[in-house]
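**Q** Starting off with a structure, shown below.
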Amino acid sequence: MSVIKIDSVKELVEKAGEIRRKLALGTRRIGNVHIGGPLSATDVAVALYYKYLEFDPDNLEDPHRNQFILSKGHNGILLFTIFCDMGMYEWDLLLDTYNTIGHPFGAHPNHTTVKGIEVSTGSLGHGLSWSCGIATANRDRDIKSRVFTLLGDGEMEEGSNWEAILYAASKGLDNIVAVVDYNHASAAFKAGENMHWGEKGGPEGLADCFRAFGWNAKVIDGANMNEIDEALSSLPEVTLQGKPNVIVSSTIKGQGIKFMSDRPVAWHIGGLDDEHLELALKQIDEYTAQRLAEVK
Ligand SMILES: Cc1ncc(C[n+]2csc(CCOP(=O)(O)OP(=O)(O)O)c2C)c(N)n1
Ligand SMILES: [Mg+2]
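Numbering (this note's numbering), first residue to last: 1 to 296.
Structure representation (structure tokens):
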């Protein structure tokens with residue numbers, strides 16, 4: 001194994017389709033899984049892991065590596081599925097032992113048992129603070145790699161995030177890239193029903209809140225791989241004294257499986273019987289074909 005790299009947007013869309021199929025197949029075999037969030041974050045996670053992280057499964061301790069933290073750790077199945085797809089773990093091992101005591105894969109990522117996981121997560125609101133620590137240590141050693149952190153829109157209601165957001169901007173940590181998977185739903189609410197972001201609310205309102213704290217912020221359509229690719233490829237160069245960056249990726253929970261994205265809150269966690277698995281795979285293929293047709 002060495003750095004796994006997919007350059008073309010078309011192939012990234014195809015890879016996202018493959019990962020979604022694996023998520024559906026895995027959910028059928030495992031039982032109840034957090035599934036809505038992994039599906040909405042699939043495209044951005046694929047762009048990061050197969051292109052922008054320059055992820056090297058054989059060189060996981062390189063001090064100059066880019067790092068990724070899944071702050072919304074309940075979406076661990078997404079990372080584990082990507083690691084299996086990359087050949088780091090056997091797919092059957094994941095499906096047979098997921099969330100079973102005494103085995104590496106919990107429902108949430110554990111850095112002591114799963115290689116490739118930088119930080120254990122699952123208690124929401126901590127990934128960005130971890131990023132600040134790593135980014136500060138890198139800055140002090142003049143290491144210009146990036147720390148990417150994937151957060152949920154519901155998770156942004158955790159106050160601890162806003163301490164980290166304030167800290168990162170105060171310390172010029174432009175080596176941090178936060179990505180918020182704004183899938184318009186948390187576990188029990190449609191986003192915006194509970195708290196809302198500034199005057200505009202929604203993804204644009206959240207981006208304004210980051211800007212007010214001193215960050216560069218961009219809102220993208222997180223279903224459009226061209227926009228994801230453009231946002232990640234146009235990040236400003238790391239100077240270790242500039243503004244941190246956030247990409248607010250507007251998605252729908254369950255993205256790619258229509259019967260899920262039609263009822264996003266209902267599909268925070270779910271299982272699939274044979275009939276629903278067949279429908280899910282059909283809808284993923286239709287969705288992927290539609291996305292491929294849009295690739296520029
Ligand atoms: C500190 C903390 N509080 C509550 C939970 C329980 N919990 C797990 S997922 C979730 C909702 C998260 O919503 P969001 O961040 O929007 O994630 P996504 O929609 O991507 O699944 C909650 C409240 C938790 N894991 N950690
Ligand atoms: Mg959400």
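Here a beta-carbon is modelled for each residue, glycine too, at the ideal position from N, C-alpha and C.
Quantities reported herein were computed from a predicted structural model and do not represent experimental measurements.
Rounded to whole angstroms, what is the Cα-Cα separation between E193 and E155?
**A** Computed Cα separation, rounded: 14 Å.
**Q** Can you tell which of H34, L94 and S8 has the C-alpha that lies nearest to the C-alpha of A188?
**A** Checking every option, the nearest Cα to that of A188 belongs to H34.
**Q** Just to check, is the beta-carbon of A185 closer than 7 Å to a non-hydrogen atom of ligand 2?
**A** Because some heavy atom of ligand 2 lies under 7 Å away, the Cβ of A185 counts as near it: yes.
**Q** Counting along the chain, where does the beta strand (DSSP E) carrying N226 start and finish?
**A** From DSSP, N226 is part of no beta strand (DSSP E) but of the alpha helix (DSSP H) over M225 to S233.
**Q** Ordered along the chain, which non-local residues of its own chain (more than five positions away) have a Cβ less than 8 Å from that of G270?
**A** Same-chain partners within the cutoff: T27, N32, V33, I35, G36 and M260.
**Q** Measure the C-alpha to C-alpha separation of T81 and K22 and round it to an integer number of angstroms.
**A** Rounded to the nearest angstrom, the two C-alpha atoms are 7 Å apart.
**Q** Can you give me the C-alpha to C-alpha distance between D174 and G242, rounded to a whole angstrom?
**A** Spanning the two alpha carbons is a distance of roughly 5 Å.
**Q** Classify D96 as helix, strand or coil using the three-state DSSP reduction.
**A** D96: helix per DSSP, three-state reduction.
**Q** How many Å lie between R139 and L240 at the Cα?
**A** Taking the straight line joining both Cα atoms gives about 6 Å.
**Q** How long is the line joining the alpha carbons of A266 and V295, rounded to whole angstroms?
**A** Cα to Cα, the separation comes out at about 30 Å.
**Q** Considering only heavy atoms of ligand 1, does any lie closer than 7 Å to the CB of N194?
**A** Incorrect: N194 has no Cβ contact closer than 7 Å to ligand 1.
**Q** Pull up the DSSP beta-bridge partners for L70, would you.
**A** BP columns for L70 point to L150.
**Q** What residues in its chain sit with their C-beta under 8 Å from that of D142, if we drop five residues either side in the sequence?
**A** Here the set comprises L240.
**Q** What's the gap between the Cα of M195 and the Cα of E227?
**A** Answer to the nearest angstrom: the Cα atoms are 27 Å apart.
**Q** Classify S234: buried if its beta carbon has 16 or more other beta carbons within 10 angstroms, exposed otherwise.
**A** Exposed is the call here.
**Q** Return yes when the C-beta of E155 is under 7 Å from any heavy atom of ligand 1, and no when it is not.
**A** Checking every heavy atom of ligand 1 against the Cβ of E155, one is found closer than 7 Å.
**Q** Using 7 Å as the cut-off, classify the Cβ of G125 as near or not near the heavy atoms of ligand 3, replying yes or no.
**A** As presented, the structure is devoid of ligand 3, carrying ligand 1 and ligand 2 as its sole ligands.
**Q** Ignore the nearest five residues each way along the sequence and tell me which others in E204's own chain have a CB closer than 7 Å to its CB.
**A** V219, listed in sequence order.
**Q** Using alpha carbons as the reference points, say which of E14, L272, G73 and A168 lies closest to P109.
**A** P109 has its Cα closest to that of G73, out of E14, L272, G73 and A168.
**Q** Does at least one heavy atom of ligand 1 sit under 7 Å from the Cβ of G205?
**A** Checking the Cβ of G205 against ligand 1 gives no.
**Q** What did DSSP end up calling K171 once you bin it into helix, strand or coil?
**A** K171 falls in the coil class under three-state DSSP.
**Q** Looking only at C-alpha atoms, which of R29, D153, F105 and L60 sits nearest to A41?
**A** Cα-wise, what sits closest to A41 is D153.
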